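The letter at position 120 of the sequence shown is residue 121 when you use our numbering, and the numbering goes up by one with no holes. The structure under discussion appears below in the form of structure tokens.
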Amino acid sequence: PGQTTDSAAGDPQLSGQLVQEKQDKGLSELGEPSDRFGDDKGVDDMADLAGGNDDEDDEDDGPIDKTKKDRRMLSNRESARRSRRRKQAQLNDLQRQVTELKVENATLQKRLAEAGRRYSTATAA
């Protein structure tokens, strides 16, 4: 364990370059696909990465725990994706309401100005 057949293993600079090249290609240090930008990371995933999640079953005791963790991570990502979509829909709805209210405000201001002119004309006569 711990030994690699990589010729760069003895040279920290070459090893660092290989890691950077893999990251640039969207791969983890192990050569597996990784999420380069973290866009799909949920709050619970970030807590796991920061060590802030106190779940006892986070220990890697075997493939069953890994599968449970993978399912939980996928569930968290989907939940975060749904949350972002809901937030975007709410933002779109608010923007639509702003547009409608601006139109209504302009209409009411015109009516008020016209009523003010008619009042001025009526009181001057």
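Virtual Cβ for every residue (Gly too), placed ideally from N, Cα, C. Because the structure is a prediction, the values reported are computed rather than measured.
Verify the contact flag: residue i, CB atom, against every heavy atom of the ligand ADP, threshold strictly below 8 Å.
| i | result |
| --- | --- |
| Y120 | By its list of ligands, the structure shown contains no ligand whatsoever, and the ligand ADP lies outside what it can speak to. |
Here's the rule: buried if 16 or more other CB atoms are within 10 angstroms of the residue's CB, otherwise exposed. What is residue i?
| i | result |
| --- | --- |
| N93 | exposed |
| K77 | It should be noted that the sequence gives Asn, not Lys, for residue 77. Looking at its Cβ environment, which holds 16 or more other Cβ atoms inside 10 Å, N77 is buried. |
| A114 | exposed |
What number of angstroms, rounded off, separates the C-alpha of residue i from the C-alpha of residue j?
| i | j | result |
| --- | --- | --- |
| L95 | R83 | 18 Å |
| P64 | D71 | 10 Å |
| L102 | R118 | 24 Å |
| R85 | Q91 | 10 Å |
| Q98 | T124 | 38 Å |
Whose C-beta lies closer than 8 Å to the C-beta of residue i among residues of the same chain, with five residues either side of it excluded?
| i | result |
| --- | --- |
| A107 | none |
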